[in-house]
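2 protein chains.
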Amino acid sequence: MKIKLYLTSLLFTTLLFSQSEDSKMIKNIYDASLLNGKSYEWLNHLSNQIGGRLSGSYNAEKAVKYTKEQLEQLGLDRVWLQPVMVPKWVRGAKEYAYVETAPGKSTMMPICALGGSVATPTGGLKAELIEVQSFDELDALGTSKIAGKIVFYNRPMQAELISTFNAYGGCVEQRYKGAEKAIAYGAVGVIVRSLNLRLDDFPHTGSMTYGEIPVSNRIPAAAISTNAAELLSGMLQLDPKIKFYFSQHCKQLKDVQSYNVIGEITGSAYPNKVMVVGGHLDSWDLGDGAHDDGAGVVQSMEVLRLLKQTGYKPKHTVRVVLFMNEENGLRGGKKYAKVAAEKSENHVFALESDSGGFTPRGFSFDCSDENFEKVVSWKSLFKPYLIHYFEKGGSGADVGPLKGDNVLCGLRPDSQRYFDHHHAANDTFEHVNKRELELGAATMTSLMYLFDKYGVIQNSKIKK
Amino acid sequence: MKIKLYLTSLLFTTLLFSQSEDSKMIKNIYDASLLNGKSYEWLNHLSNQIGGRLSGSYNAEKAVKYTKEQLEQLGLDRVWLQPVMVPKWVRGAKEYAYVETAPGKSTMMPICALGGSVATPTGGLKAELIEVQSFDELDALGTSKIAGKIVFYNRPMQAELISTFNAYGGCVEQRYKGAEKAIAYGAVGVIVRSLNLRLDDFPHTGSMTYGEIPVSNRIPAAAISTNAAELLSGMLQLDPKIKFYFSQHCKQLKDVQSYNVIGEITGSAYPNKVMVVGGHLDSWDLGDGAHDDGAGVVQSMEVLRLLKQTGYKPKHTVRVVLFMNEENGLRGGKKYAKVAAEKSENHVFALESDSGGFTPRGFSFDCSDENFEKVVSWKSLFKPYLIHYFEKGGSGADVGPLKGDNVLCGLRPDSQRYFDHHHAANDTFEHVNKRELELGAATMTSLMYLFDKYGVIQNSKIKK
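As you go down the protein sequences, you meet chains A and B in turn.
The opening position of the first sequence corresponds to residue 72 in the numbering used here, with each subsequent residue numbered one higher.
The opening position of the second sequence corresponds to residue 72 in the numbering used here, with each subsequent residue numbered one higher.
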């Protein structure tokens, strides 16, 4: 009995001691990020000196060069570029669209081509519209009602869902597969309501697919702002015969050479066990990609800088990966995972930040129950920072291909304003708050620190 | 043993049933707010059709009239105005300030008079500056170093504090008592660094006091933007002899008649037990007061509208109070509590929203341990809405005077961006996100519902 009591008390003391040691380390991390952080300055450069970084563009190249240089200044053990071929889609001249309610009477409509779309025929395209809210509705209408028309997908995001990512998930098929589905019924074009919960005048682009449809049969697809979608729908109720005109000049060119940007601190105890943190360096072209995913890029860089600044020597190899081409191909994420497999690298942990630079709320985890239990045991360490969300779920697109016997996770910031800016011209630097960005970086660093210190359970055995 | 088991199981079933009933009700509340809310429309009117609502101003009168009309349209049991005399301070012509580095060489500085300050002498005031970070520093310098100078209070808010309200609390004495302290050492004016964590060009006003100092001895006090404060501090390091000029034309007029706006749903079971929800109708004059406290006003109105829309009949009398004059006098809050005491009204619960219209995180409570335990038992009901913060602490300035044997609480939204806008020209409608505002209203309504249903413990006995 006495021995048991003694052991319990010893265990308790050890736990208390390490909790307080961890608390101190985490406080140091947050202080360093909020008082002397670099993330905001980096984001300013990426956003305002470089701008939108579409895969294959000159800006994307500049971003590769800039972030590599910045990582080199951090005194990491190794910084390198990992070659990856990426698709190159270009928007060309600005799109133009109007509704014709009578010959000579027209109303301008803000649209933008979807990423991967073909251009309209020279001189543009004019046709009647058919409005649908779902693929089921499209199927029910069939070729007789659809052929020769422009399909107008107008299902709004569900405002009652608390996570805006769930609302996005419920609507994104309209944008991604809308053209492929409409082609089957002889449609000549596609207009999609922007994936935005707010009513405003910004069209939101994003990737789309034509599936296996040959180039000659493809039809142009564009997004329309939510305000214009509401207006258009109202006009169609008054007169279903109104015509919609749009012209766009986008083009898919040949793949070009690009790079993932990588830097690492070699592990002091387990150099062959890798822990990755990353975001994606490419962005859409309409804004400057500050939230998607400039924020994730600079936060990931900041994780390594904060570990160095606080004097922490990681046991595992800690690697930052700035992935290229998340938006329209995921080539960077796939290439990184492929090379890792070829080299038999053991990636025990990978964390992605790709949900905007808003106030962090926590993380979502794709991992075993044992590893998740560890995370839950750390909850109280995060409480002073109002980090409360620790749930099982997805991680991030770029780290997804690393899935295996490891921990994958994604930072989960407050999601309410994310789709106000996502893929639109107002995804710009001034909509990122410095403190919110820095809190995210500190939260990521703290989780990285805890997993480095306490290890990841693989095959139900701790393999540090 | 069997009986015990049966009772436990009965209790468990009852708990489960009521949890699920409460879950449904709370889901209805959130749905109604996010899908058919009125709060954003009301805020648009208050902000863009009325604007800044300084106590005693014509706009404040308009806001009284507008909100009373809107409450009348909700079909409440009673809507009325409660008279309250308020101070009337006016800014007058826009302030003007510059630093003179040499005769004829000057740099403009963005300033604004602090609320309650006197004007500068006709033609303005020019003097050398003395920069301090604290009252201790001021005391150490003493009259010999301070007399005839302008005191420049430049202690920045602490960026490492996670709650920006704590950072505000650590600095606000410079604004509130800075002039009173400086007068004791013969200063001729006061310039205060704006209470803003961000570096930008907006001066932030706010209330100040002269204590018992007679009118003839008062000196003018103004806030300077954070960017200008940094610049000024740098200039002073280069040359402590530079002079600062400012002119302002503000004036304290006689008290005028104004009103708290009140509406109520009479309780079906306990009409004499009152539950209050409120925000303050007045604001500073530089912006349109959308976050401070237009948001709290429309959220409080929305609580009653949501209870009606969801068909809930409160057992207690539920009252919305739109307090007048929180910013520079708290006359509305004091008057409301005084009348309540005179009428021996039993206020069992009061909730204030006065921390901006940002994503809600939870509540802070000023109540007994027994009542707080109840709140904690409801935590899981709020989890789907990512509401996680339930802590003991302050409530709100306007409901503070109701303190007694009851529950006082304050909505606690995400605080990171609050002081970017607080009391400045950029506290405007476009900085309030519709969803964030609506989530706040739904969160407040849900708490109100639970306290109405399960009662407040007074004198350690449940008095519904």
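Glycine included, every Cβ here is placed at the ideal spot set by N, Cα and C.
These figures come from a predicted structure and were not determined experimentally.
What distance in whole Å lies between the Cβ atoms of residue j and residue i, which are believed to be in contact at a cut-off of 8 Å?
i, j, result
"E509 of chain B", "S110 of chain B", "6 Å"
"G365 of chain A", "S424 of chain A", "Not really, about 11 Å apart at Cβ, beyond 8 Å."
"Q328 of chain B", "P154 of chain B", "6 Å"
"I295 of chain A", "S265 of chain A", "6 Å"
"I217 of chain B", "Y256 of chain B", "4 Å"
"S517 of chain A", "I100 of chain A", "5 Å"
"V157 of chain B", "G400 of chain B", "6 Å"
"I182 of chain B", "I262 of chain B", "7 Å"
"K314 of chain B", "E171 of chain B", "4 Å"
"D440 of chain A", "G465 of chain A", "The Cβ separation is near 17 Å, so there is no contact."
"A198 of chain A", "G249 of chain A", "At roughly 16 Å, the Cβ-Cβ gap does not stay under 8 Å, so A198 of chain A and G249 of chain A are not in contact."
Can you have a look at residue i and say buried or exposed, based on whether 16 or more other CB atoms are within 10 angstroms of its CB?
i, result
"Q487 of chain A", "buried"
"E166 of chain A", "buried"
"T514 of chain A", "buried"
"D210 of chain B", "exposed"
"V348 of chain B", "buried"
"P174 of chain A", "exposed"
"M179 of chain A", "exposed"
"D359 of chain A", "buried"
"D353 of chain A", "buried"
"G428 of chain B", "buried"
For residue i, would you say it is in contact with chain B, using Cβ-to-Cβ distances shorter than 7 Å as the test?
i, result
"Q487 of chain A", "yes"
"L114 of chain A", "no"
"L105 of chain A", "yes"
"D102 of chain A", "yes"
"T381 of chain A", "no"
"E507 of chain A", "yes"
"N504 of chain A", "yes"
Take residue i and list the residues in its own chain whose beta-carbon comes closer than 6 Å to its own, dropping the five residues that flank it on each side.
i, result
"F334 of chain A", "The question names Phe, yet the displayed sequence has Gly at residue 334 of chain A. Counting only Cβ-Cβ distances below 6 Å, and skipping sequence neighbours, we find L142, L147, V150, V391."
"E135 of chain B", "According to the sequence provided, residue 135 of chain B is Val. The question's Glu does not apply to it. The answer, listed in chain order, is Y330, V332."
"K344 of chain A", "H387, N417, V419"
"H494 of chain B", "H275, T276, G277, W355"
"A300 of chain A", "N225, R264"
"H492 of chain A", "H362, D498, H502"
Could you check whether the Cβ of residue i sits closer than 7 Å to any Cβ belonging to chain A?
i, result
"Y239 of chain B", "no"
"A230 of chain B", "yes"
"D425 of chain B", "no"
"Y456 of chain B", "yes"
"H492 of chain B", "no"
"H459 of chain B", "yes"
"T37 of chain B", "Past the edges of chain B, shown from 72 to 535, lies residue 37 of chain B, and the structure says nothing about it."
"T430 of chain B", "yes"
"K535 of chain B", "With a pLDDT of 44 at K535 of chain B, under the threshold of 50, the predicted position of this residue should be treated as unreliable, though the coordinate-derived value follows. Closer than 7 Å: no."
"I233 of chain B", "yes"
"N99 of chain B", "no"
Please name the residue or residues paired with residue i in a DSSP beta bridge.
i, result
"F461 of chain A", "A:F434"
"P154 of chain A", "A:Y330"
"G481 of chain A", "A:E423, A:S435"
"Y341 of chain B", "B:H387"
"F394 of chain B", "B:H351"
"R264 of chain B", "B:I295"
"I336 of chain A", "A:V389"
"M346 of chain A", "A:V389, A:F420"
"I201 of chain A", "A:V222"
"E67 of chain B", "The first residue shown for chain B is 72 and the last is 535, placing residue 67 of chain B beyond what the model contains."
"F315 of chain B", "B:V170, B:A198"
"T178 of chain A", "A:V170"
Among the residues of its own chain, which have a CB less than 7 Å from the CB of residue i, if the five just before and after it don't count?
i, result
"S234 of chain B", "S486"
"T499 of chain B", "S118, G358, D359, A361"
"N298 of chain A", "L270, D271, D272"
"K505 of chain B", "Y111"
"R124 of chain B", "N130, A131, A134, L352, D353, S354, G360"
Which same chain residues end up closer than 8 Å to residue i when comparing Cβ atoms and leaving out the 5 residues on each side of it in sequence?
i, result
"I254 of chain B", "Y281, I284, N288, R289, I290"
"R376 of chain B", "K109, L145"
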